[in-house]
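Okay, so here's the structure we're looking at.
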């Protein structure tokens, strides 16, 4: 507690980070084995820990370890939400897809636009056909992981996304265009509505829902795919 | 319609399974044109929607896809050998797949050429980006 009173002194921050590093490492391990390298998870968890240190309010009577655990798990969940995907892809494709996914995510952020296949291939040092195959796999397989529980089973990644805009309602005449829209999860319906009925760009939707453009692109693809499957079942 | 020189054309059986082949082909061509991946995905999705409209007619046995392109624009046309007559253009242009294609591309069109089956095409220009 003494250390918290000395914040934002960098030395105190550093000391706290060292003291609670084991906590970050513990949660990083708990989230391992899901297709993300442990190093990345540890880094993500450590970031969560630093955020917890910066935001912790000792006056509120919550033990720091409790607060830090929640923040770290939140950070890890966000990590999986941005990169999350199911594990059914064949192994070699899966490894390439992890690499491509990470490369795309970084480049999209750095460039401020989507990279080209050639740019991704250069950055990841793999063939362009491998990039295309990986992108296809990523588009196809993310749906499952979004519906799957992340971390503890109480919230799914999709629910976390939806929390950005819980009050959204879509108009009836729009739903009549494609009746299967009614059977889509609400946030997928929301994204399709914004994209195709209101004509919003991916960038605008990303801003509104607080998720990355890459994620919006994937959700659009997957929602359209799901919609088609639903329509076929009718 | 700009009628760009054809770069690639392909014929596949008119079944849902082969739509994946069309998606892969169009994505491969778009990648070679150095389009960013979000636009490649838009094009891939638009092909899927166009194919679904043509397959909906139910009387086609094969689908033809031609891809024309210049430096800045890709023009994709899907034609079925279906005989459905008349090609219900009004119903097509008020459908969900049409709305989606319009959102994903710059221009969408439904045609029926003399002696050919119904066709759906779209044009997608490279969005201006600072490189």
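Residue numbers (the numbering used here), protein chains in the order written: chain A, 1013 to 1246; chain B, 5 to 135. Heads up, the beta-carbon is just placed ideally off N, CA and C, and yes, glycines get one too.
Short of 7 Å in beta carbon distance, which residues of its chain neighbour residue 1212/A, apart from the five on each side in sequence? Order them along the chain. Position 200 of the first chain, counted from the start, is the residue given in the question as residue 1212/A. These residues qualify, in order along the chain: 1206.
If we ignore side chains and look at the alpha-carbon of each, how far apart do residue 36/B and residue 1209/A end up? For the purposes of this step, residue 36/B is identified with residue 32 of the second chain, where counting begins at 1. For the purposes of this step, residue 1209/A is identified with residue 197 of the first chain, where counting begins at 1. Their Cα atoms are separated by approximately 31 Å.
By the DSSP assignment, the alpha helix (DSSP H) with residue 1220/A in it spans what residues? Here residue 1220/A refers to the residue found at position 208 of the first chain. Per DSSP, residue 1220/A belongs to the alpha helix (DSSP H) from 1214 to 1221.
Give the secondary structure of residue 70/B by DSSP, where H, G and I count as helix, E and B as strand, and everything else as coil. As a first step, residue 70/B is located in the second chain; it is residue number 66 there, counting from the start. Taken through DSSP and simplified to helix, strand or coil, residue 70/B comes out as strand.
Distance, residue 52/B Cα to residue 82/B Cα: Looking up residue 82/B in the second chain gives position 78. Looking up residue 52/B in the second chain gives position 48. Each residue's CA atom was taken as its position, placing residue 82/B and residue 52/B some 10 Å apart.
Cutoff 8 Å: residue 1030/A Cβ touching any chain B Cβ: To locate residue 1030/A, count along the first chain from 1; it is residue 18. Output row for residue 1030/A: interface = no.
Please report the distance separating the alpha-carbon of residue 1215/A from that of residue 1225/A. By 1-based counting over the first chain, the position of residue 1215/A is 203. By 1-based counting over the first chain, the position of residue 1225/A is 213. Each residue's Cα considered, the two are about 6 Å apart.
Inside the segment 8 to 43 of chain B only - alpha helix (DSSP H) runs reaching at least 4 residues: Qualifying alpha helix (DSSP H) stretches, in chain order: 20 to 36.
Among 99/B, 92/B, 109/B, 110/B, whose alpha-carbon lies nearest the alpha-carbon of residue 1188/A? Residue 1188/A sits at position 176 when you count from the first residue of the first chain. The shortest C-alpha to C-alpha distance from residue 1188/A to any of 99/B, 92/B, 109/B, 110/B is the one to 99/B.
Just mark residue 1121/A as buried or exposed, buried being the case when its beta carbon has 16 or more other beta carbons within 10 Å. Position 109 of the first chain, counted from the first residue, corresponds to residue 1121/A. Burial check for residue 1121/A: the Cβ neighbour count within 10 Å stays below 16, so the residue is exposed.
Helix, strand or coil: which one does DSSP assign to residue 1170/A? Within the first chain, residue 1170/A is the residue found at index 158, counting from 1. Any reading at residue 1170/A must be qualified, since the residue scores a pLDDT of 44, below 50, and its modelled position is unreliable; no value is offered.
Residues of its chain near residue 25/B, where Cβ-Cβ distance is below 6 Å and the 5 sequence neighbours each way are ignored: For the purposes of this step, residue 25/B is taken as the residue at position 21 of the second chain. Cβ within range, chain order: 16.
Can you give the Cα-Cα distance for residue 38/B and residue 130/B, rounded to whole angstroms? The residue labelled residue 38/B in the question sits at position 34 within the second chain. The residue labelled residue 130/B in the question sits at position 126 within the second chain. Their backbone Cα atoms lie some 9 Å apart in a straight line.
With distance defined between alpha-carbon atoms, name the residue in 59/B, 115/B, 109/B, 120/B nearest to residue 2/B. Coverage of chain B is limited to positions 5 through 135, which leaves residue 2/B absent and any answer about it impossible.
Using a Cβ cut-off of 9 Å, which residues of the segment 38 to 58 of chain B contact any Cβ in chain A, in chain order? The residues in question are 38, 39, 40, 41, 42, 43, 44, 45, 46, 48, 49, 52, 53, 56.
Three or more C-beta pairs closer than 8 Å, one from the segment 1050 to 1062 of chain A and one from the segment 1078 to 1092 of chain A: is that the case here? These segments touch.
Out of 1053/A, 1104/A, 1221/A, state which residue places its alpha-carbon closest to the alpha-carbon of residue 1037/A. Stepping through the first chain from its first residue, residue 1037/A is reached at position 25. Comparing Cα-Cα distances from residue 1037/A to each of 1053/A, 1104/A, 1221/A, the minimum goes to 1053/A.
Roughly how many angstroms lie between the CA atoms of residue 18/B and residue 54/B, to the nearest whole one? Here residue 18/B refers to the residue found at position 14 of the second chain. Here residue 54/B refers to the residue found at position 50 of the second chain. If you take the alpha carbons of residue 18/B and residue 54/B, they lie about 12 Å apart.
Strictly under 8 Å for the Cβ-Cβ distance: is residue 130/B near chain A by that measure? As a working mapping, residue 130/B is identified with position 126 in the second chain. Taking Cβ atoms only, chain A never reaches closer than 8 Å to residue 130/B, which makes this a no.
What residue from 116/B, 27/B, 23/B, 34/B has the CA that sits closest to residue 11/B's CA? Counting from one through the second chain, the residue named residue 11/B turns up at place 7. Residue 34/B is the option with its Cα nearest to residue 11/B.
For residue 65/B, name the three-state secondary structure that DSSP assigns. Translated into positions along the second chain, residue 65/B becomes position 61. Secondary structure of residue 65/B (DSSP, three-state): coil.
Residue-level contact to chain B via CB, residue 1179/A, 8 Å cutoff: Walking along the first chain from the start, residue 1179/A turns up at place 167. Reliability of the predicted coordinates at residue 1179/A is poor, the pLDDT of 38 falling under 50, and no value is obtained from them.
Which residues of the segment 17 to 33 of chain B have a Cβ closer than 7 Å to any Cβ of chain A? Give them in chain order. For the segment 17 to 33 of chain B, the beta-carbon criterion of a distance under 7 Å to any beta-carbon of chain A is satisfied by 31, 32.
Residue interval of the alpha helix (DSSP H) (run including residue 75/B): Walking along the second chain from the start, residue 75/B turns up at place 71. Neither: residue 75/B is in no alpha helix (DSSP H) and is coded neither H nor E.
In chain order, what residues of the same chain lie with their CB nearer than 8 Å to the CB of residue 1061/A, ignoring the 5 residues before and after it? For the purposes of this step, residue 1061/A is taken as the residue at position 49 of the first chain. Taken in chain order, the residues that qualify are 1029, 1032, 1033, 1035, 1036, 1080, 1083, 1084.
Along chain A, in chain order, which residues have C-beta atoms closer than 7 Å to that of residue 35/B? Here residue 35/B is taken as the residue at index 31 of the second chain, counted from 1. Listed by position along chain A, the residues whose Cβ is nearer than 7 Å to that of residue 35/B are 1129, 1140, 1144.
The beta strand (DSSP E) with residue 119/B in it runs from where to where? Position 115 of the second chain holds residue 119/B. No beta strand (DSSP E) contains residue 119/B, which DSSP labels as neither H nor E.
For residue 107/B, return the contacting residues in chain A, with the cut-off set at a CB-CB distance below 7 Å. On the second chain, position 103 is the one that residue 107/B refers to. 1207, 1208, 1211, listed in chain order.
Who are residue 126/B's beta bridge partners in DSSP? Counting from one through the second chain, the residue named residue 126/B turns up at place 122. Looking at the DSSP assignment, residue 126/B forms a beta bridge with 80/B, 112/B.
Return the chain-ordered list of same chain residues with a C-beta closer than 8 Å to the C-beta of residue 1196/A, the five sequence neighbours on each side being excluded. As a first step, residue 1196/A is located in the first chain; it is residue number 184 there, counting from the start. By the criterion of a C-beta distance shorter than 8 Å, residue 1196/A is surrounded in its chain by 1204, 1235, 1238, 1239, 1242, once the five residues flanking it on both sides are discounted.
Got a sec: is the Cβ-Cβ distance from residue 103/B to anything in chain A below 8 Å? Residue mapping note: residue 103/B aligns to position 99 of the second chain, counting from 1. Judged by the 8 Å Cβ criterion, residue 103/B is in contact with chain A.
Cβ of residue 1240/A less than 8 Å from any chain B Cβ? Here residue 1240/A is taken as the residue at index 228 of the first chain, counted from 1. Closer than 8 Å to some Cβ of chain B, the Cβ of residue 1240/A qualifies, so yes.
Which of helix, strand or coil does DSSP assign to residue 1128/A? Looking up residue 1128/A in the first chain gives position 116. If DSSP states are grouped into helix, strand and coil, residue 1128/A belongs with the strands.
Does residue 1151/A get closer than 8 Å to chain B when you measure Cβ to Cβ? Within the first chain, residue 1151/A is the residue found at index 139, counting from 1. Output row for residue 1151/A: interface = yes.
Whole-angstrom distance between residue 1233/A and residue 1193/A, CA atom to CA atom: In the first chain, residue 1193/A corresponds to position 181, counting from 1. In the first chain, residue 1233/A corresponds to position 221, counting from 1. So the alpha carbons of these two residues sit roughly 14 Å apart.
For residue 1074/A, three-class secondary structure by DSSP: For the purposes of this step, residue 1074/A is taken as the residue at position 62 of the first chain. Note: residue 1074/A maps to coil in three-state DSSP.
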